[in-house]
Amino acid sequence: AQSVSQHNHHVILSEAASLELGCNYSYGGTVNLFWYVQYPGQHLQLLLKYFSGDPLVKGIKGFEAEFIKSKFSFNLRKPSVQWSDTAEYFCAVRPNTGNQFYFGTGTSLTVIP
Amino acid sequence: EAGVTQFPSHSVIEKGQTVTLRCDPISGHDNLYWYRRVMGKEIKFLLHFVKESKQDESGMPNNRFLAERTGGTYSTLKVQPAELEDSGVYFCASSLFAGGSGPYNEQFFGPGTRLTVL
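This is the structure we're talking about:
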């Protein structure tokens, strides 16, 4: 069965620190990859997505993610976090044969001013 | 443009009662999805409508859950009778198209309905 693992459940960083959130998935076929963010009191929003091409994708608010096919990974990065990045981050995988998303358990990020 | 809306935002019911959740997708979006997140776990797919038809209901946990989308606009998800393990946040999402890699298949999520079964 397909699964998505986010190894960091809760991350606490100071402003200006660098961020990397891990995401690994298990699926043997071609996948589309996504990172969603949920700010406090708001709905899930798409941060970035990867379908094909350059494995380094850039999203909104300075976030980027790198797809490493050999490692089945799609880690999210940001060079310098801000207090406003405090949110919960979800990695999601969609096999390109279907429409169903498989989400990770989420990583709660707290940025201390 | 209005986003995906869900009603109610919170619902607290007792075990054995019935609850109906509603989702209004973005106007014109034929594809509507229901997801559920049990506390501390991943967001799990429940089902996918294309217009009024159930395209994929493989994630529905059991026959206590009934989803409908009459007329292909809003959708309801009824839980009857509710059990303790049904507690969680129920998300709805919609997209113009489904699958593929184009810009029109992005799923837009609603704020979720937090269901607590006591």
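Listed in order, the protein sequences are those of chains A and B.
So the number in this note's numbering is just where the residue sits in the first sequence, counting from 1, plus 17.
So the number in this note's numbering is just where the residue sits in the second sequence, counting from 1, plus 618.
Positions of the beta carbon are idealized from the N, C-alpha and C atoms, including for glycine.
Take the alpha-carbon of residue 668 of chain B and the one of residue 630 of chain B: they are about 30 Å apart. Taken through DSSP and simplified to helix, strand or coil, residue 659 of chain B comes out as coil.
Within its own chain, the residues whose Cβ lies closer than 6 Å to the Cβ of residue 122 of chain A, once the five positions on either side in sequence are excluded, are 23, listed in chain order. If you look at residue 92 of chain A, you'll find it in the beta strand (DSSP E) that goes 90 to 95. Between residue 121 of chain A and chain B, the shortest Cβ-Cβ separation is below 8 Å. Contact between residue 53 of chain A and residue 110 of chain A is absent: CB atoms are separated by about 12 Å, not below the 8 Å threshold.
Counting the other CB atoms within 10 Å of its CB gives residue 46 of chain A a total below 16, which places it among the exposed residues.
In the DSSP annotation of this structure, the continuous segment of the beta strand (DSSP E) that includes residue 732 of chain B starts and ends at 731 to 735. Here residue 709 of chain B is near residue 653 of chain B, since their CB atoms are less than 8 Å apart.
For residue 674 of chain B, the enclosing beta strand (DSSP E) covers residues 671 to 674.
Minimum Cα-Cα distance from residue 102 of chain A among the listed residues A:29, A:89 and A:75 corresponds to A:29. Counting along the chain, no beta strand (DSSP E) covers residue 632 of chain B, and no H or E run does either. Taking the beta carbon of residue 661 of chain B as reference, the chain A residues within 7 Å of it are 107 and 120, listed in sequence order.
Its Cα nearest to that of residue 625 of chain B, the residue B:730 stands out among B:665, B:734, B:730 and B:702.
Residue 89 of chain A has its alpha-carbon roughly 14 Å from the corresponding atom of residue 73 of chain A.
B:683 is the residue among B:649, B:673 and B:683 whose C-alpha sits nearest the C-alpha of residue 635 of chain B. Taking C-beta atoms as the reference points, residue 696 of chain B and residue 734 of chain B fail to come closer than 8 Å. Here residue 49 of chain A carries a strand assignment [DSSP, helix/strand/coil].
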